[in-house]
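One structure is given below, encoded as structure tokens.
Numbering (the numbering used here), first residue to last: 76 to 280.
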């Protein structure tokens, strides 16, 4: 039993290393362009070791996307402790633009080929609706959002915009900053009070 512990610790550490290397390569080149053997070679590990830890590329991608979203959620919860909601929105906006700019558009195109990952992302969208509703509720209380809006409908509209961007591959025609300024921020502006619009100007510059 004592001899197995270092092996387990080594493989656990290697699991994280593989995950980080794979997601970096997927983001730079697209998912389909990166083979499992390429990742193993870049880390100087055997193919056998690679497949013992991650049996398929979809499993690797799933774990990578899940880890990324969990880390993003933790960051958002930390931001949520700040007092001013629009300052939180400003920081989240900048993070999203920075994240998207670091990803090759081919990554988003290739996601369609991995149903397990898509199912996970769809579940995450449903789970995030309540978070968005709480966000809007707080915005009303702080005087940034209007109190005469059906925010449940607004959440669905934001989701529809996200789907449209994905289906039409708008990220291939326009920069991420242009997309955010031209669609989600315009809708968000319509939900704001005058005080909220003043704060929103900082984001849209």
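Ideal Cβ placement from N, Cα and C applies to all residues, glycine included. Here the structure is a predicted model, which means the values were calculated and not measured.
Chain C within 9 Å of residue i, Cβ atoms only
i, result
"residue 219", "In the structure shown, chain C cannot be found, because there is only a single protein chain."
Exposure of residue i, with buried meaning 16 or more beta-carbon neighbours within 10 Å
i, result
"residue 187", "exposed"
"residue 112", "exposed"
"residue 159", "exposed"
"residue 185", "buried"
"residue 235", "exposed"
"residue 109", "buried"
"residue 94", "buried"
"residue 263", "buried"
In DSSP terms, what residue i is bridged to
i, result
"residue 220", "267"
Contact check, residue i vs residue j, beta carbons under 9 Å
i, j, result
"residue 226", "residue 271", "no"
"residue 146", "residue 192", "no"
"residue 140", "residue 251", "no"
"residue 129", "residue 90", "yes"
"residue 257", "residue 249", "yes"
"residue 118", "residue 275", "no"
"residue 24", "residue 183", "Outside the shown range of the chain, which is 76 to 280, sits residue 24, and nothing can be said about it."
"residue 170", "residue 150", "yes"
"residue 189", "residue 255", "no"
Option in the options with minimal Cα separation from residue i
i, options, result
"residue 265", "277, 229, 246, 242", "229"
"residue 259", "269, 247, 238", "238"
"residue 178", "196, 97, 242, 263", "97"
"residue 136", "172, 105, 234", "105"
"residue 153", "166, 256, 142", "166"
"residue 198", "157, 170, 144", "144"
"residue 120", "85, 190, 240, 247", "85"
"residue 161", "240, 231, 210", "210"
"residue 102", "261, 123, 170, 174", "174"
"residue 87", "107, 124, 108, 116", "124"
"residue 181", "241, 116, 273", "241"
"residue 269", "116, 215, 231, 148", "215"
"residue 138", "176, 196, 155, 168", "196"
"residue 273", "224, 92, 218, 254", "218"
Collapsed DSSP secondary structure at residue i in the structure displayed
i, result
"residue 243", "coil"
"residue 157", "coil"
"residue 91", "helix"
"residue 236", "helix"
"residue 189", "coil"
"residue 108", "coil"
"residue 118", "coil"
"residue 200", "helix"
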